[in-house]
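> Pasting a structure below so you can have a look.
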Amino acid sequence: MSVKGLIFDLDGVLVDTAKYHFMAWKRLAKEHGVDLNDGYAEPLKGISRKDALEILLDLTGISMSGVEKLRALDKKNSWYLEYIMDIDESAVFEGVLEFLDLVKSLGYKTAIGSTSDNSSLILECTGLTRFFDVIIDGYKVTKPKPDPEVYLVGAKELQLDPSECVVFEDAVAGVNSAKTARMKVIGVSRTGSLEGADKVITTFSGLDEKILDF
Ligand code: G6P
Ligand code: MG
Numbered sequence: 092m093s094v095k096g097l098i099f100d101l102d103g104v105l106v107d108t109a110k111y112h113f114m115a116w117k118r119l120a121k122e123h124g125v126d127l128n129d130g131y132a133e134p135l136k137g138i139s140r141k142d143a144l145e146i147l148l149d150l151t152g153i154s155m156s157g158v159e160k161l162r163a164l165d166k167k168n169s170w171y172l173e174y175i176m177d178i179d180e181s182a183v184f185e186g187v188l189e190f191l192d193l194v195k196s197l198g199y200k201t202a203i204g205s206t207s208d209n210s211s212l213i214l215e216c217t218g219l220t221r222f223f224d225v226i227i228d229g230y231k232v233t234k235p236k237p238d239p240e241v242y243l244v245g246a247k248e249l250q251l252d253p254s255e256c257v258v259f260e261d262a263v264a265g266v267n268s269a270k271t272a273r274m275k276v277i278g279v280s281r282t283g284s285l286e287g288a289d290k291v292i293t294t295f296s297g298l299d300e301k302i303l304d305f
């Protein structure tokens with residue numbers, strides 16, 4: 092079946108915000124006397140806030156009561172919001188605007204498939220909202236990645252079959268979500284590898300529609 096729709100994860104794919112999520116997790120761990128090195132970035136990436144906290148606690152051995160967890164989630168989000176307070180077009184990765192312009196001009200339908208509650212805010216501040224027919228965010232789905240819900244709802248709202256959609260992802264949890272939804276996945280990875288992705292790009296710079304040939 093030919094590709095008709097493109098569904099983009101947001102953080103770490105279109106905008107350089109994954110680093111701010113990690114900075115906030117680092118700050119939380121630090122409050123509990125633990126220094127998170129960069130090795131913790133990948134397991135915390137692309138999953139819900141709540142799931143990321145549980146993984147952080149598991150990996151570091153920090154323990155929290157139920158109430159402490161709720162407070163920690165609030166804190167993490169307020170720090171994250173503090174970090175993205177001044178976010179603007181400069182946070183959009185190189186080549187993204189040109190690629191979105193190109194695919195829109197070629198008639199592809201486009202969606203955001205993110206489980207972040209902050210997606211709309213980021214899209215507005217970076218000027219990206221206008222490129223998308225549909226925005227699926229944390230308020231629209233109940234099951235976070237790696238569950239396929241976010242991408243299945245994306246395809247449904249684009250009025251396409253999942254097999255007609257291609258997903259752009261930077262996190263393993265998101266790749267698994269899209270694969271379970273039976274979609275092709277283009278990994279976006281600065282290092283050039285992403286487990287499970289059908290293809291991997293390191294940048295959108297210079298990319299054209301040939302990347303959508305499967
Ligand atoms: C995206 C990010 C994750 C983040 C999740 C929830 O998937 O990649 O790192 O944990 O959204 O984001 P939120 O802004 O709602 O905490
Ligand atoms: Mg991401």
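Sequential numbering of the sequence shown, starting at 92, is according to this note's numbering. Ideal placement from N, C-alpha and C gives every residue a C-beta, glycine not left out. A quick note: this is a predicted structure, and the numbers were derived from the prediction, not measured.
Could one say the Cβ of Ser93 lies closer than 7 angstroms to chain C's Cβ atoms, at least one of them?
Looking for chain C here will not work: only one protein chain is present.
> Return the chain-ordered list of same chain residues with a C-beta closer than 7 angstroms to the C-beta of Lys307, the five sequence neighbours on each side being excluded.
Examination of residue 307 is not possible in this model, given that the chain is present from 92 through 305 alone.
> Going by the DSSP bridge assignment, what does Ile277 pair with across the sheet?
Note: Ile277 sits in a beta bridge opposite Phe259 and Lys290.
> What does the Cβ neighbour count give for Lys117, buried or exposed, with the cut at 16 atoms within 10 Å?
Flag for Lys117 reads buried.
> Collect the residues with a C-beta less than 6 angstroms away from any heavy atom of ligand 2 and give them in sequence order along the chain.
Listed by chain position, these are Asp100, Asp102, Gly103, Val104, Ala109, Gly137, Asp261, Ala262 and Gly265.
> Closer than 6 angstroms to a non-hydrogen atom of ligand 3 - does that hold for the CB of Arg281?
Summarising the ligand content, the structure contains ligand 1 and ligand 2 and does not contain ligand 3.
> Which same chain residues, not among the five before or five after Leu164, have their C-beta less than 7 angstroms away from its C-beta?
Hits under 7 angstroms: Arg140, Lys141 and Leu144.
> Can we count Ala288 as close to ligand 1, meaning its CB is less than 6 angstroms from some heavy atom?
No, Cβ of Ala288 sits at least 6 angstroms from all heavy atoms of ligand 1.
> Can you grab the Cα-Cα spacing for the pair Phe295 / Glu185, in whole Å?
Rounded to the nearest angstrom, the two C-alpha atoms are 6 angstroms apart.
> Buried or exposed: where does Lys121 fall if 16 or more other Cβ atoms within 10 Å of its Cβ makes it buried?
Looking at its Cβ environment, which holds fewer than 16 other Cβ atoms inside 10 Å, Lys121 is exposed.
> Given 6 angstroms as the limit, tell me if Ala143 has its C-beta closer than that to any heavy atom belonging to ligand 1.
Yes.
> So, under 8 angstroms CB-CB, Leu219 and Glu300 are touching, yes? Tell me the CB distance rounded to an integer number of Å.
Contact flag wrong, Cβ pair sits at about 19 angstroms.
> Which residues does DSSP list as the beta-bridge partners of Lys200?
Lys200 pairs with Gly96.
> Spell out the partners DSSP gives Val106 in its beta bridges.
Its beta-bridge partners are Asp102 and Val183.
> Would DSSP call Ile226 helix, strand or coil?
Looking at Ile226 - three-state DSSP - the assignment turns out to be strand.
> Candidates Val291, Asp238, Ser154 and Lys247: which alpha carbon is nearest Phe259's?
It is Val291 whose Cα lies nearest to the Cα of Phe259.
> Give every residue of the same chain whose Cβ lies closer than 7 angstroms to the Cβ of Tyr199, excluding the five residues on either side of it in the sequence, and list them in chain order.
Contacts found: Lys95, Gly96 and Leu97.
> May I ask you to check if the CB of Asn209 is nearer than 6 angstroms to at least one heavy atom of ligand 1?
Under cutoff, so the answer is yes.
> Considering only their Cβ atoms, is the gap separating Val257 from Thr217 smaller than 7 angstroms?
No, they are not a contact pair.
> Can you confirm whether the segment 234-249 touches the segment 269-278 when touching is taken to mean that 3 or more C-beta pairs between the two stretches lie within less than 8 angstroms?
With the cut-off at 8 angstroms, the segment 269-278 and the segment 234-249 touch.
> In terms of residues, what are the limits of the alpha helix (DSSP H) holding Arg162?
Gly157 to Tyr174 is the span of the alpha helix (DSSP H), which, as asked, contains Arg162.
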